[in-house]
Every structure is written in C-alpha cells, then in structure tokens.
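In our numbering, the protein residues as written are 12 to 169. Each residue gets a CB set at the ideal place from its N, CA and C atoms; glycine is no exception. Source: prediction; values computed, not measured. Inspection log for the structure reproduced underneath, given as structure tokens.
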C-alpha cells in the first residue's frame, strides 16, 4: 500500500497589518487515489463515523475521484499525466473535519511529478478554487480567490 500518514510542523507568519505567527505539529493523510477502496485495511472508515474516516462528500470533484482530478487538471493546463495521483489531505477525525486545502500530486508514467492541483477553500464562504502548480518549473500564480481578510486580492503566490 502506498498510502500513509505524514507528520510535520506547520508554520505561519504575518507581518502586516498586525504581526502574528504560530507553529504547531500536525499529521496529514497521503493517499493513493487508486487505493481508496483499501482504506479500511488501514483502519479508515468510508462514509461512516469513526476515529478516522473518509467521506466522499468532502471531495466534491466527484467519483471516480482520480479521473475527476485529472479532468480538472486537463481543463486548467491542457495536460493529463498518465501515472498515479496522490492526495495530501486531512481526514475526518471523530466526525470533525477542518481541511482548508487539498493537494493532488499528479505523476507521469515514469513516476515523475508533473503537476500539483491545489484545491483551496475559504471556510467562511464555503467556496473552492483550484490552482494548477507545475511540478517541473517554478512559476508564480496570481491570487484568484479570497481566503483571508488580511490579504488583498492583488497578490501573487510563489
């Protein structure tokens, strides 16, 4: 099974309009979208309340999710990698779900990362936007979606 849990540290720092920062430990699920039917083998329930659960409704691109991710990526970039798609996400834990961003890592048939599709949510407004990030060439992305009341829309992500 390729799916697993990653653990790490999340850091955030803002200098304006008021300085603010935090650091905390976290873990996230790293899921092979070809293995979703095997999640119960890892103790993750599907569409049922549990300590750790995957709910299809939390991933609105639709089913089958891998095909829908590749459809969205192709509509944004004209590219459709033929390899695996891995998802970095937060599952539901004891029924609670807070997941402001999902990252879909799209590989080619040689297992080279080609694209990352970032599904960003702005929690207060329950809206979503998809950014396609080139896995081979660093390029800035214009902000196209309101997420924070502290940051204006005329920004660029690097």
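Opening and closing residue of the alpha helix (DSSP H) in which residue i lies
i	result
residue 72	From DSSP, residue 72 is part of no alpha helix (DSSP H); its letter is neither H nor E.
Own chain residues within Cβ distance below 8 Å of residue i, not counting five before or after
i	result
residue 22	32, 33 and 34
residue 20	34, 35, 36 and 37
residue 71	139
residue 12	43, 46, 49, 52 and 53
Start and end residues, beta strand (DSSP E) containing residue i
i	result
residue 132	124 to 133
residue 120	Unbroken run through residue 120: none, as it is neither H nor E.
residue 44	Element bounds for residue 44: n/a, residue is neither H nor E.
residue 62	Careful: residue 62 lies outside any beta strand (DSSP E) and carries neither H nor E.
residue 26	Per DSSP, residue 26 belongs to no beta strand (DSSP E) and is neither H nor E.
Beta-ladder partner(s) of residue i, from DSSP
i	result
residue 138	133
residue 19	37
residue 113	130
residue 105	Residue 105 pairs with nothing; no bridge assigned.
residue 12	Residue 12 is not bridged to any residue.
residue 143	128
residue 85	DSSP, once it has assigned bridges, lists no residue as partnering residue 85.
residue 96	117
residue 199	The question about residue 199 has no answer, for the chain in this structure spans 12 to 169.
Separation of residue j from residue i, as counted between CA atoms
i	j	result
residue 165	residue 127	23 Å
residue 123	residue 131	24 Å
residue 51	residue 144	31 Å
residue 64	residue 149	34 Å
residue 28	residue 151	23 Å
residue 80	residue 15	20 Å
residue 74	residue 67	8 Å
residue 129	residue 114	5 Å
residue 87	residue 146	14 Å
residue 57	residue 25	37 Å
residue 30	residue 78	42 Å
residue 69	residue 89	26 Å
residue 136	residue 40	25 Å
7 Å CB neighbourhood of residue i in its chain, flanking five on each side removed
i	result
residue 94	118, 119, 120 and 122
residue 104	62 and 63
residue 55	63, 64, 65 and 102
residue 92	117, 118, 119, 125 and 126
residue 60	106
Residues near residue i in its chain [Cβ-Cβ closer than 6 Å; skip 5 each side]
i	result
residue 76	44 and 70
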